[in-house]
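Enquirer: Quick note on numbering: the sequence shown equals residues 79 to 557 in the numbering used here. Ideal Cβ positions, reconstructed from N, Cα and C, are used throughout, including at glycine. The model shown is predicted, which means the values in this text are computed figures rather than measured ones. Below is the structure I would like to discuss, written out as structure tokens.
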Amino acid sequence: MPITIPPIDFRVIMPEIVITLFACLVMLLEPFLPDRRKWILPHLSSLGVFVAAYFCLPLWNSNLLLWQGQALGDNLAVIFKIIFLLGTLLTILISYLKSGHHWGGEYYSLILFSTLGMMIMASSSDLIVIFLGLEVMSIALYVLAGFNRSDLKSNESAMKYFLMGAFSTGFLLYGIALIYGTTGSTNLNILVNNPHLTEPLFITGLGLILVGLAFKVATVPFHMWVPDVYEGAPTPITAFMAAGPKAAGFAALLRVFLIGLTPLAPMWITILWILAVLTMTLGNVLAIAQMNIKRMLAYSSIAHAGYILISVVAGGDDGLSSSVFYLLVYSLMTIGSFAVIIALGEKGEKNEELPDYRGLGLKYPLLGVCMTIFMVSLSGIPPTAGFVGKFYIFSAAVKNGQLELAIIGVLNSLISVYYYLRVVVIMFMQEAPSPSVVPHSSWSVQLALWLTAMATLGLGIFPDILFKITQQSWLFTLR
79 MPITIPPIDF
89 RVIMPEIVIT
99 LFACLVMLLE
109 PFLPDRRKWI
119 LPHLSSLGVF
129 VAAYFCLPLW
139 NSNLLLWQGQ
149 ALGDNLAVIF
159 KIIFLLGTLL
169 TILISYLKSG
179 HHWGGEYYSL
189 ILFSTLGMMI
199 MASSSDLIVI
209 FLGLEVMSIA
219 LYVLAGFNRS
229 DLKSNESAMK
239 YFLMGAFSTG
249 FLLYGIALIY
259 GTTGSTNLNI
269 LVNNPHLTEP
279 LFITGLGLIL
289 VGLAFKVATV
299 PFHMWVPDVY
309 EGAPTPITAF
319 MAAGPKAAGF
329 AALLRVFLIG
339 LTPLAPMWIT
349 ILWILAVLTM
359 TLGNVLAIAQ
369 MNIKRMLAYS
379 SIAHAGYILI
389 SVVAGGDDGL
399 SSSVFYLLVY
409 SLMTIGSFAV
419 IIALGEKGEK
429 NEELPDYRGL
439 GLKYPLLGVC
449 MTIFMVSLSG
459 IPPTAGFVGK
469 FYIFSAAVKN
479 GQLELAIIGV
489 LNSLISVYYY
499 LRVVVIMFMQ
509 EAPSPSVVPH
519 SSWSVQLALW
529 LTAMATLGLG
539 IFPDILFKIT
549 QQSWLFTLR
């Protein structure tokens, strides 16, 4: 009896195929390249990102799907893939340092494999596939967090991230098992109309899934790993983790709650409302006490997860589009902040404790201006993209009846102004401890700084183009 193979539209999964091929190619080339040729590896990785982005563009407004929604080509998947690829490209740029320094092929290969996992998470409506994407992303990140094997802090961060990540993954998988046991399906398009949604086992499984995803986006009380891991990981990887995996976690969160399980919205909105308030408040308050800038940005990352949760609670098309817009903006300004830290390290400056930044705005004016742009944007001050992103989120909350939550978000944003502008004050209003010496940073770090700084300002002044695109992210979303 002949076996019939169903037709496969490879356009839907072509970006993932491209990233996989380039990740394998970079890893296989590493042993055969002499040291003087290692510079090829980051360039080849960047080429893979561009090729994958090229294959993403034809999927816009295509509304394609494979295997009953296990692979999606809707607008939401496309825009999240672009966010991941942009974050990956910027991470590669800030990883390629001066003096021919290279991390090795396995470093760039792991970044690409982690990006592959993020893309899988964002482009599926099946819980099992989302779990597989999360594992591909996380396993690569566990290794990258401990990539500085001679650094005890890096080893510690990798071990903490691995142990707590594995623990949270167990919650997620157990939740999926309970949902499957209750309904007989893990496909969100089927679950949305399932008559067993209100059964205790299903609700328990949904709660366990929320725990697993809350760990990935670092919401309170599942945030404990963030400061230590961000501080100990190599700075380019810290930037990567603060942008891509957080966006991937929210992509899955939006798929599961805002799109897939809207019938249970009255139940999970209350829980997410509480998590948003706790996450914003704790992240901002604890950030004030930090003297290490990587730990400060770690707690800042926690607070921003709370802001994005506001858009999830707001729900509807406004909540979805504002969260997507803010995730892109947050990726740009966060990676830009870490690029400044890396650039100062290249210049021989101490670059982790806040007192090390005394007078650096006068010593290195370009870096000072860039850091000011990012700090102002993160705090939500106009005319930066961070202000516009928060405005859209709070507007969506008010429009959808969450006025109290929007007010709490604004108050938390005001608290954050203190510790963000403290960095600017230290850089420009305190005396530098050493005379001015201005060596050049690598071209790739400078390029990343220019791109992120210009995008942060440009999207703050002209946000309409991007926001109109994010508003279309739901038009062809498979629900």
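1. Comparing alpha-carbon positions, which option in Lys294, Pro341 and Ile493 lies nearest Gly322?
2. Can you find a heavy atom of the ligand COA that lies under 7 Å from the Cβ of Phe110?
3. Need the endpoints of the beta strand (DSSP E) that Ala149 sits in, please.
4. Please work out which residues of its chain come closer than 6 Å, Cβ to Cβ, to Asp306, disregarding the five sequence neighbours upstream and downstream, and give them in chain order.
5. Closest to His76 by C-alpha separation, out of Gly467, Trp138, Phe100 and Gly183, would be which residue?
6. Out of Glu309, Phe191 and Arg333, point me to the one whose CA is closest to Leu284's CA.
7. So, does the CB of Gln146 fall closer than 8 Å to a CB anywhere in chain B?
8. Taking Cβ to Cβ, would you say Met302 is nearer than 8 Å to Ser187?
9. Is Gln549 helix, strand or coil when you go by DSSP?
10. On the DSSP bridge assignment, give the partners of Leu142 in chain order.
11. Helix, strand or coil: how does DSSP classify Glu430 here?
12. Excluding five sequence neighbours on each side, which residues of the same chain lie with their C-beta closer than 6 Å to the C-beta of Gln549?
13. Drop a sphere of 10 angstroms on the beta-carbon of Trp521, count the other beta-carbons inside from all chains shown, and report buried for 16 or more, exposed for fewer.
14. From this set, Val523, Ser246, Leu230 and Ala101, which residue's C-alpha is nearest Leu444's C-alpha?
15. On the three-pair Cβ rule with 8 Å, is the stretch 159 to 171 touching the stretch 526 to 537?
16. DSSP on Asn272, reduced to helix/strand/coil?
17. Where does Asp87 fall in DSSP's three states?
18. Report the three-state DSSP secondary structure of Met92 (helix, strand or coil).
19. DSSP three-state label for Gly178, please.
20. For Ser177, does the count of other Cβ atoms within 10 angstroms reach 16, so buried, or fall short, so exposed?
21. Taking 8 Å as the cut-off, decide whether the C-beta atoms of His274 and Thr282 are in contact.
22. To the nearest angstrom, how far is the alpha carbon of Leu432 from that of Ser379?
23. Less than 8 Å between the beta carbons of Tyr408 and Met505, yes or no?
24. In this structure, what does DSSP give as the bridge partners for Asp229?
Expert: Here's the rundown:
1. Lys294
2. Looking at this structure, you won't find the ligand COA or any other ligand, since it has none at all.
3. For Ala149, the enclosing beta strand (DSSP E) begins and ends at Ala149 to Gly151.
4. Ser235 and Lys238
5. Here the chain covers residues 79 to 557 and nothing more, so residue 76 does not appear.
6. It is Arg333.
7. As a matter of chain content, chain B is missing from the structure shown, which is built from one protein chain.
8. Judged by beta-carbon spacing, Ser187 lies beyond the 8 Å limit of Met302, meaning their Cβ atoms are not closer than that value.
9. helix
10. Gly151
11. coil
12. Ser399
13. exposed
14. Val523
15. Touching, yes.
16. The answer is coil: DSSP assigns Asn272 none of H, G, I, E or B.
17. The DSSP-derived three-state label of Asp87 is coil.
18. helix
19. With a pLDDT of 48 at Gly178, under the threshold of 50, the modelled position of that residue is not reliable, and the figure given next carries that caveat. Gly178 falls in the coil class under three-state DSSP.
20. Note that Ser177 scores a pLDDT of 47, beneath 50, so its modelled location is shaky; the value from the coordinates is reported in the next line. Exposed.
21. no
22. 18 Å
23. no
24. Partner(s): none; Asp229 has no beta bridge.
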